[in-house]
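Comments concern the structure below.
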Amino acid sequence: MNKLAAPRGTADLYPPESAAWQALESDVRAIAHRFGYGEIRTPAFESTDLFVRGVGEATDIVEKEMYTFTDKGGRSLTLRPEWTAPVVRAVLEHNLLASGPLRLYYLGPIFRYERPQAGRLRQAHQFGVECFGFAGAEADVEAIALAYEVLRTHGLSVEVSLNSIGDECCRPRYRQALYDYFAPQRAALSLDSQRRLERNPLRILDSKAPEDQALLEAAPSTVELLCAECAGHFARVRALLDSIGVPYRLDARIVRGLDYYTRTVFEFISDDLGALATVCAGGRYDGLVASLGGPPTPGVGFAMGIERLMMILAKRDLERACARSGIAVMALGDGARERLVPLVAALRRNSGPVPVTIDYGAAKVAAQFRKADRANARAALIVGDDELAAGNAVLRDLATRAQDTIPLEPDDDAAAVRVLRWYAALPPQPAMRSQAAS
RNA sequence: GUGACUGUAGCUCAGUUGGUUAGAGCGCCGGACUGUGAAUCCGGAGGUCGCGGGUUCAACCCCCGUCAGUCACCCCA
1137 MNKLAAPRGT ADLYPPESAA WQALESDVRA IAHRFGYGEI RTPAFESTDL FVRGVGEATD
1197 IVEKEMYTFT DKGGRSLTLR PEWTAPVVRA VLEHNLLASG PLRLYYLGPI FRYERPQAGR
1257 LRQAHQFGVE CFGFAGAEAD VEAIALAYEV LRTHGLSVEV SLNSIGDECC RPRYRQALYD
1317 YFAPQRAALS LDSQRRLERN PLRILDSKAP EDQALLEAAP STVELLCAEC AGHFARVRAL
1377 LDSIGVPYRL DARIVRGLDY YTRTVFEFIS DDLGALATVC AGGRYDGLVA SLGGPPTPGV
1437 GFAMGIERLM MILAKRDLER ACARSGIAVM ALGDGARERL VPLVAALRRN SGPVPVTIDY
1497 GAAKVAAQFR KADRANARAA LIVGDDELAA GNAVLRDLAT RAQDTIPLEP DDDAAAVRVL
1557 RWYAALPPQP AMRSQAAS
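Printed below as a string of structure tokens:
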């Protein structure tokens, strides 16, 4: 049908959905600010090398999902597939760690070359935070609490799934233990898991293949093999979560796909999303900053998928009631329209947040009322030949159907102020009109 | 990247074993109601049947390719 279409795995956003996105974005920013996080924006593309070193050479993201191109100067650049590595790069480039611990949040697009389906796009949007400079469990819990607050604010009752994958001292031990456990039964594993066994035995843990499930039951658990320091850290995370009342459950099968995670890893999972159930995921990355050339600096953060969150909210809010607001201006006849254009301009100069709309067409009153009603306007201002001659305007409360006639001063701003005073005096919403909010 | 399913009006979908002017509901526009939003009734606009080839006297329907979406896998937000 369309010769020109948005590229595969990308989507346009327009009303009314764009309004829902704006609302979500402002909620998320407000919560981040409340936790003391400031926004960071980084370029949409970076040197390819940053992601190879930051995310890990052997990860799927780097091996097959990056949008990489060569610019006219022969540089290899990549559209950011995730935010953490670019944030660390910017933090180091501008020496932002010089003044101590640092809390940053981001909100914007990421790009991954994937096969699209609902909740998985080639351009997706993520909100996330990074907290640098605190090695203690308090920072892990702060990040989890912030994500929890975002989800809870939107009415989702969720618990965080929690695990610890250890650090550079105990993870190799655990890897080996897994290998020793699975290797003798190699043939019983799914083909994918046989491949994982050599490459990254941890990944076998979140296999969905039915033939793997029985073996997984008895597999050694990461938590049993943590070194004393990591075990202590993990215990403290759990105790602190208890103390602030964030519900969690332990899930030994959460391992995460990026190389840089250490110790705490967590996910918020929704049952509304099919196989792409993770709304938010994150963890601690104590080695990342140093590995990108910075001073040894602990860090913890998460990324939340905006599209996935919107999918859940859309399901829930399908029948949400909407408050009426705004003034729909109606002109009956050419003379009235001519008079109303400057009045509308004056209204908009003086209306603050109240939207003012006008239909420039020549539709009949009934049709204009229907439109105003469906657009969920609170009030209508009507001027026809009679009002024009008398210097009046009819003001109608679309919620109560009550109607007044007021004089219109020749001075537009004075007239506008009178109209807005009438609008401000309207009784609180007597009737809520239900509307699909998706 | 692998496997499968789907693609008909703005939206949700019908469309019989291929048969000539492609339908419905909702929405939109107009009228009944000469300046007032619901409901009802009447009328109207809107479709290169995703796109390109092929088979056939004849294709929305069958075949091939392609694009896009959906589901699962790999993986992941």
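Just so you know, we're using this note's numbering here: the first sequence kicks off at 1137 and counts up by one. From the three backbone atoms N, C-alpha and C, an ideal C-beta is built for every residue, glycine too. Quick caveat: nothing in here was measured; it's all calculated off a predicted structure.
Contact defined as beta carbons within less than 8 Å: I believe residue i pairs with residue j. What is the distance between those atoms, to the nearest angstrom?
{"i": "S1235", "j": "R1211", "result": "S1235 to R1211, Cβ: 32 Å. No contact."}
{"i": "D1207", "j": "L1215", "result": "That belief does not hold up - the Cβ atoms of D1207 and L1215 are roughly 12 Å apart, past 8 Å."}
{"i": "G1462", "j": "V1490", "result": "6 Å"}
{"i": "I1405", "j": "A1413", "result": "5 Å"}
{"i": "L1338", "j": "A1355", "result": "About 11 Å; that fails the 8 Å criterion."}
{"i": "W1219", "j": "A1439", "result": "6 Å"}
{"i": "Y1315", "j": "L1327", "result": "The pair is not a contact, with the Cβ atoms about 17 Å apart (cut-off 8 Å)."}
{"i": "V1415", "j": "N1299", "result": "Not confirmed; about 17 Å, so no contact."}
{"i": "A1482", "j": "D1387", "result": "Rounded, the Cβ-Cβ distance is 60 Å, inconsistent with contact."}
{"i": "R1385", "j": "S1329", "result": "About 24 Å; that fails the 8 Å criterion."}
Between residue i and residue j, what straight-line distance do the alpha-carbon atoms span, to the nearest angstrom?
{"i": "C1305", "j": "R1420", "result": "15 Å"}
{"i": "L1228", "j": "A1260", "result": "26 Å"}
{"i": "A1345", "j": "G1429", "result": "39 Å"}
{"i": "E1455", "j": "P1431", "result": "Model confidence at E1455 stands at a pLDDT of 45, short of 50, so the residue's coordinates are unreliable and nothing is read from them."}
{"i": "A1311", "j": "R1372", "result": "The sequence given here places Arg at residue 1311; Ala does not occur at that position. Spanning the two alpha carbons is a distance of roughly 24 Å."}
{"i": "E1347", "j": "F1318", "result": "13 Å"}
{"i": "P1252", "j": "Y1203", "result": "15 Å"}
{"i": "N1138", "j": "A1254", "result": "With a pLDDT of only 48 at N1138, under the threshold of 50, the placement of this residue in the model should not be trusted; the figure read from the coordinates follows. Taking the straight line joining both Cα atoms gives about 21 Å."}
{"i": "D1547", "j": "V1477", "result": "13 Å"}
{"i": "A1166", "j": "P1383", "result": "23 Å"}
{"i": "L1287", "j": "S1293", "result": "8 Å"}
{"i": "G1154", "j": "G1381", "result": "The question names Gly, but residue 1154 in the sequence shown is Ser. Distance between the alpha carbons of S1154 and G1381: 33 Å."}
{"i": "D1408", "j": "L1449", "result": "10 Å"}
{"i": "Y1397", "j": "D1422", "result": "7 Å"}
{"i": "V1436", "j": "V1277", "result": "9 Å"}
{"i": "Y1249", "j": "L1517", "result": "51 Å"}
{"i": "D1148", "j": "R1444", "result": "16 Å"}
{"i": "H1230", "j": "D1395", "result": "25 Å"}
{"i": "T1433", "j": "L1479", "result": "60 Å"}
{"i": "L1362", "j": "A1313", "result": "12 Å"}
{"i": "G1527", "j": "K1451", "result": "49 Å"}
{"i": "V1198", "j": "N1336", "result": "15 Å"}
{"i": "E1360", "j": "P1308", "result": "14 Å"}
{"i": "A1323", "j": "S1343", "result": "15 Å"}
{"i": "Q1504", "j": "T1493", "result": "11 Å"}
{"i": "P1564", "j": "Y1496", "result": "29 Å"}
{"i": "R1389", "j": "R1399", "result": "14 Å"}
Name the residue from the options whose alpha carbon lies nearest to the alpha carbon of residue i.
{"i": "S1427", "options": "L1333, Y1150, I1405 and V1188", "result": "V1188"}
{"i": "I1176", "options": "T1358, A1551, V1477 and Q1262", "result": "Q1262"}
{"i": "A1560", "options": "R1510, R1532, R1399 and A1364", "result": "R1532"}
{"i": "A1513", "options": "Y1384, W1157, L1562 and A1221", "result": "L1562"}
{"i": "I1301", "options": "G1418, G1174, A1147 and E1523", "result": "G1418"}
{"i": "E1266", "options": "F1318, I1340, Y1242 and T1289", "result": "Y1242"}
{"i": "F1181", "options": "W1558, A1226, D1387 and L1412", "result": "A1226"}
{"i": "L1424", "options": "V1191, V1519, C1416 and I1463", "result": "V1191"}
{"i": "G1520", "options": "Q1504, L1479, A1472 and A1511", "result": "A1472"}
{"i": "A1459", "options": "R1510, V1415 and Q1504", "result": "R1510"}
{"i": "D1378", "options": "R1332, E1274 and G1291", "result": "E1274"}
{"i": "A1529", "options": "R1537, A1552 and K1507", "result": "A1552"}
{"i": "A1159", "options": "V1501, V1296 and T1289", "result": "T1289"}
{"i": "G1488", "options": "G1393, V1359, D1540 and L1556", "result": "L1556"}
{"i": "L1352", "options": "Q1321, F1402 and R1309", "result": "Q1321"}
{"i": "A1502", "options": "M1466, A1482 and A1481", "result": "M1466"}
{"i": "L1376", "options": "R1335, A1279, A1388 and D1316", "result": "A1279"}
{"i": "Q1539", "options": "C1416, W1558 and L1524", "result": "W1558"}
{"i": "L1240", "options": "I1246, L1282, D1196 and G1209", "result": "L1282"}
{"i": "P1152", "options": "M1446, R1170, T1178 and L1483", "result": "M1446"}
{"i": "G1269", "options": "P1237, S1326 and I1246", "result": "P1237"}
{"i": "A1498", "options": "E1474, R1484 and A1482", "result": "E1474"}
{"i": "G1272", "options": "R1374, K1200 and G1209", "result": "R1374"}
{"i": "A1194", "options": "G1393, A1550 and D1163", "result": "G1393"}
{"i": "Y1173", "options": "R1309, F1370, G1264 and V1492", "result": "G1264"}
{"i": "F1205", "options": "R1307, D1185 and L1524", "result": "D1185"}
{"i": "I1246", "options": "G1441, A1535 and K1500", "result": "G1441"}
{"i": "Q1349", "options": "L1325, D1163 and R1331", "result": "L1325"}
Got a sec: does the ligand NAD put a non-hydrogen atom nearer than 7 Å to the Cβ of residue i?
{"i": "E1266", "result": "Judged by which ligands are present, the structure shown has none, so any question about the ligand NAD falls away."}
Within the region 1320 to 1365, ranges of the alpha helix (DSSP H) (whole runs, at least 4 residues): Within the region 1320 to 1365, the complete alpha helix (DSSP H) runs of at least 4 residues are 1327 to 1335 and 1346 to 1353.
Segment contact, 8 Å Cβ cut-off, at least three pairs: the region 1244 to 1261 with the region 1139 to 1146: In short, these stretches touch, since the Cβ pair count reaches three.
Length-filtered (3 minimum) beta strand (DSSP E) runs lying within the region 1226 to 1301: For the region 1226 to 1301, whole beta strand (DSSP E) runs of length 3 or above, ordered along the chain, are 1238 to 1247, 1259 to 1268 and 1296 to 1300.
Runs of beta strand (DSSP E) lying entirely within the region 1475 to 1527, each at least 3 residues, in chain order: Along the length of the region 1475 to 1527, whole beta strand (DSSP E) runs at least 3 residues long occupy 1492 to 1494 and 1515 to 1519, reported in chain order.
In chain order, each beta strand (DSSP E) run of at least 3 residues that lies wholly inside the region 1403 to 1481: Within the region 1403 to 1481, the runs of beta strand (DSSP E) that reach at least 3 residues and sit entirely inside it are, in chain order, 1414 to 1420, 1435 to 1441 and 1463 to 1467.
Every unbroken alpha helix (DSSP H) within the region 1174 to 1234, with a cutoff of 4 residues, ordered by chain: With a minimum length of 4 residues, the continuous alpha helix (DSSP H) runs that stay inside the region 1174 to 1234 are 1184 to 1191, 1196 to 1200 and 1220 to 1229.
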